[in-house]
Every structure is written in structure tokens, then in C-alpha cells.
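Notes follow the structure.
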Amino acid sequence: MSTLSIRHTLAALCAMVVALSAQASVVISSTRIIYPQPHKEVTVRLESRNQVPVLIQTWLDNGDEHSTPELADIPFVVTPPIFRMEPGKQQVVRVAYTGEGLPPAQESLFWFNVLEVPAQARGVQPSNQLQLAFRTRIKLILRPPGLPHGAEAAPAKLQWRRVSSAYGEAVEVFNPTPYLVTFERVEVQVAGQRHGRQAAASGAGNMVMPGARTRFDLPDLKAPPGATASVEFQTLDDFGVKVLHNAKVAP
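In case it helps, mature numbering (1 follows the signal peptide of the UniProt record, and there is no 0) puts the sequence shown at residues -24 to -1, 1 to 227.
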């Protein structure tokens, strides 16, 4: 199969594939990619745990889960973009930032995609073979040089307050730092009771961008929390490790 044919096949699959990382057999070496902006490139290691060869396509997008490589207009080059992985083998993918138009004083977020398509068995007609494509997406965070304090200090600087929404009581977090913060868990504590946030509909609902706000709905909290309310939350650090924090909730 020619490179052009592979591109067309994989591009078509991108349009209909569902992101099912739990079932994918090509494993990414990390849960997120931190790209220090002065670096010429960063590398991502993939490992195939398949029993058969697979075709892989890699690309970046800016948050659109339905993005395809042809539509993604972002300042990065991924090499190689398409390749074949044999069972049990590893592959290093290089990501290079081309240097255009991103904020110099805060982190920027992109998503690294891995599309995995099992190779067609020799001698089997395509119409007689069911092939499933799996796509995995992880965050790529571009970190400019010279940002104040450090990413690990950002969660303690978040500001929490009570708000109301169409769904009832909620808390809102404001991020005054230049770092993106990702949440694993958010619980408001009122009078000894814990009230967990409603599950996020997308990855954007699990984080707060620099200078932005995110709301967490609390469906089982039936009355406004009082002045003693606090929030216990877990964030994920640069290595994907869960870190526990506590903060007061402003009225």
C-alpha cells in the first residue's frame, strides 16, 4: 500500500473512530507531554502490545476531538506522521514546535493523537474482515520560559467560590497563574458531609486554563454552603501523579 493510500485510509478512519484508549494496544510512555518551549523538540515513546502489525498515525490538535490531521492547523510538526509497528516493538515520535503565535507568558494546551489500525491479514478480502481503529489522546502542554514560581505551586493559588447554576449549587475555580491545572477529583465539604462534582462531559471540564474559570456542579448539594465550607481536590502534576489539596470556598 502506498503512503498516499495509507494517508487516505487513516484520514477516513479518523472521521469515524471513537477514542477508546482503554482498548488500544499501542501504549504511550506518559500520560501527558510537557514541552519546554526553548527545546528544539520533545520525544514520545510508543510501545506496541499487539499480536499483529498495526498502522499508526500521529498528529496534534487544539482541542477538537473530531479533528483530523488534514484539518489540524497548529504550529507543530510530528515525525513520523505515519508508520507501521510490529508486535512488541517500540517507536520514538518527535514533536517540534515551529515557533508561531502562542502567548509568551502562559502555557498553551494541545492534544497528541495516536490512531491505531490493525494491518489487513494477507489473503483476506477487506469485506470479510472487521477492523477496529482506536485513538488515544493525551495533553501536550507548551511551557514558555521564565514563568513565575513553578507548575507545582499553581494548585495552591487557585481561588474557589460558591456559585449557582441551572443545575443547582456549584463551585467555581479561578486560575490566576500562567499554568494549566488538571483535576482528578473535586469535593466540597459542608458540615462534615462531602459533595462530589458532577462528572465532566469532556476533558475541558477537568481542568482550568491560565486566567480562566471552571465551574463544578454539585448535584447532591441542596442548599448553599456556609462560611465554613471547604474544597478538597486532587490535581495531576507533570508526571501524572495525583496530589491532594485543600482550600476555603468563598461565599
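Virtual Cβ for every residue (Gly too), placed ideally from N, Cα, C. Bear in mind that the values here come from a model prediction, so they are computed numbers and not experimental data.
Residue from the options whose Cα sits closest to the Cα of residue i
i, options, result
"Ile58", "Thr211, Pro154, Asn26, Val93", "Val93"
"Gln82", "Gly126, Asp196, Asp49, Phe110", "Gly126"
"Asp213", "Ala129, Gly168, Val90, Ser84", "Ala129"
"Ala205", "Tyr143, Val139, Thr153, Ala176", "Val139"
"Phe88", "Glu160, Val54, Gly168", "Val54"
"Ser1", "Thr112, Ala180, Gly181, Ile50", "Thr112"
"Trp35", "Ala95, Pro12, Leu116", "Leu116"
"Asp196", "Arg161, Phe215, Tyr143", "Tyr143"
"Pro186", "Pro80, Gln210, Val30", "Pro80"
"Ile10", "Ser84, Gly64, Glu62", "Ser84"
"Pro124", "Ile114, Leu31, Thr153", "Thr153"
"Thr211", "Ala176, Gly168, Glu160, Ala203", "Glu160"
Simplified DSSP state of residue i, which is helix, strand or coil
i, result
"Gly179", "helix"
"Ala223", "strand"
"Leu78", "coil"
"Ser206", "strand"
"Tyr73", "strand"
"His15", "coil"
"Leu85", "strand"
"Gly216", "coil"
"Ser1", "coil"
Pair within 9 Å by beta-carbon distance, residue i and residue j
i, j, result
"Ala188", "Val207", "no"
"Asn38", "Phe86", "yes"
"Tyr73", "Leu118", "yes"
"Val157", "Met183", "yes"
"Ala226", "Trp136", "yes"
"Val166", "Phe209", "no"
"Ala199", "Glu145", "yes"
"Leu91", "Pro120", "no"
"Pro63", "Pro14", "no"
"Glu17", "Pro51", "no"
Legend entry - contact_flag[the stretch 217 to 226, the stretch 169 to 176] where n(CB pairs < 8 Å) is 3 or more: no
Inset, instruction - Would you list, in sequence order, the uninterrupted beta strand (DSSP E) runs of no fewer than 3 residues that lie entirely inside the stretch 36 to 70? - result: Counting whole runs of 3 or more residues, the stretch 36 to 70 contains the beta strand (DSSP E) stretches 52 to 55, 58 to 61.
Inset, instruction - Run through the stretch 111 to 148 for me and flag every whole beta strand (DSSP E) of 3 or more residues, listed as ranges in chain order. - result: 135 to 141
Legend entry - Inter-stretch contact at 8 Å, needing at least 3 Cβ pairs: the stretch 10 to 30 / the stretch 64 to 79: yes
Inset, instruction - Specify whether the stretch 40 to 50 and the stretch 6 to 13 touch according to this definition: at least 3 beta carbon pairs, one from each stretch, less than 8 Å apart. - result: no
Inset, instruction - Determine contact between the stretch 132 to 152 and the stretch 190 to 198, defined as no fewer than three beta-carbon pairs at a distance below 8 Å. - result: yes
Inset, instruction - List in chain order: all unbroken alpha helix (DSSP H) runs of 4+ residues lying wholly within the stretch 157 to 201. - result: You should have found no qualifying run.
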